[in-house]
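S.K.: One structure, as structure tokens, below. Some questions next.
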Amino acid sequence: MMIMRWFTVISAALLLPQGVLAGPEDFHSDGLIKGYGRFADVPTAKPLPADTRFKFAIDVVDGGVTGEVNNRFKIAAGFINLQHANGIPPENVDIALVVHGTAHRDLLNDDAYGGKNPNAELLSILQGYNVKVLYCGQNAVARDISPDDLLPGVEMTHSATTTHVLLQQQGYALRP
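Under mature numbering (1 follows the signal peptide of the UniProt record, and there is no 0), the residues of the sequence shown are numbered -22 to -1, 1 to 154, in order.
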């Protein structure tokens, strides 16, 4: 009986489609936003209709490692790259980065940051793809951050919570 079970398991494993899973070496960032937003091609996935639209809110509460780009911002780049690779034009992808908590530092201009902010380049590129960068006004008040301290294009909101509720009412899915 035990031999029959092993034979069944091994036979089933051999019949599974090969190449479905990707290893770390299969991830790349060759999309529209080169150098950011790694993704893997999955040729066995069902194609998306070309008119697919996405509305996607990314909660960014934790600051990135000092001197590095915040990984949550890279998620936005990766989502744009992935969808583009699958035939979805970037104008069909609406992303909002809702920034609060210790991630405030990643939105500061170079003067307020105290040196070159490593997030500035990617945030500028993302804004070119109509990504909204929305900063919690409650966080700004608590940390004495003025709009003049922020990178260009960052929009101050009443609060992160208010922003998430409004985005959900507009049909945005939340990426916690």
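Just so you know, even glycine gets a beta-carbon here, dropped at the ideal spot from N, CA and C.
#1: Going by the beta-carbon positions, is the gap between I53 and K110 smaller than 9 Å?
#2: Answer yes or no: do F17 and N59 have a C-beta to C-beta separation smaller than 9 Å?
#3: Taking Cβ to Cβ, would you say L112 is nearer than 9 Å to V132?
#4: Exposed or buried, L145, counting other C-beta atoms within 10 Å across all chains shown (16 or more means buried)?
#5: In whole angstroms, what separates the C-alpha of L56 from that of N97?
#6: According to DSSP, is Q46 helix, strand or coil?
#7: Can you list, in chain order, the residues of its chain whose CB lies under 6 Å from that of V71, leaving out five sequence neighbours each side?
#8: For I123 and H82, which I take to be in contact (beta-carbon distance under 8 Å), what is that distance rounded to the nearest angstrom?
#9: Grab me the residues of D88's own chain with a C-beta within less than 8 Å of its C-beta, minus the 5 sequence neighbours each way, in chain order.
#10: Would you mind stating whether Y150 and A35 have Cβ atoms separated by less than 9 Å?
M.R.: This is what the structure holds:
#1: Reading the sequence shown from its first residue, position 75 is the one you call residue 53. Reading the sequence shown from its first residue, position 132 is the one you call residue 110. No, the pair does not count as a contact, with Cβ atoms beyond the cut-off.
#2: To locate residue 17, count along the sequence shown from 1; it is residue 39. To locate residue 59, count along the sequence shown from 1; it is residue 81. Taking 9 Å as the Cβ cut-off, F17 and N59 qualify as a contacting pair.
#3: On the sequence shown, position 134 is the one that residue 112 refers to. On the sequence shown, position 154 is the one that residue 132 refers to. Yes, the pair counts as a contact, with Cβ atoms nearer than the cut-off.
#4: Here residue 145 corresponds to residue number 167 of the sequence shown, with the count starting at 1. That one is buried.
#5: Numbered from 1 along the sequence shown, position 78 holds the residue referred to as residue 56. Numbered from 1 along the sequence shown, position 119 holds the residue referred to as residue 97. According to the sequence displayed, residue 56 carries Gly and not Leu. Using only the alpha carbons, I get a separation of about 15 Å.
#6: Within the sequence shown, residue 46 is the residue found at index 68, counting from 1. The displayed chain sequence assigns Glu, not Gln, to residue 46. Coil, per DSSP.
#7: The count along the sequence shown starts at 1 and reaches residue 71 at position 93. Contacts found: F32, I58, Q61.
#8: Walking along the sequence shown from the start, residue 123 turns up at place 145. Walking along the sequence shown from the start, residue 82 turns up at place 104. Sure, about 6 Å apart at Cβ, within 8 Å.
#9: In the sequence shown, the residue the question calls residue 88 occupies position 110. So the qualifying residues of the chain are K94, N95, A98.
#10: Along the sequence shown, one-based indexing puts residue 150 at 172. Along the sequence shown, one-based indexing puts residue 35 at 57. Yes, these two residues count as a Cβ contact at 9 Å.
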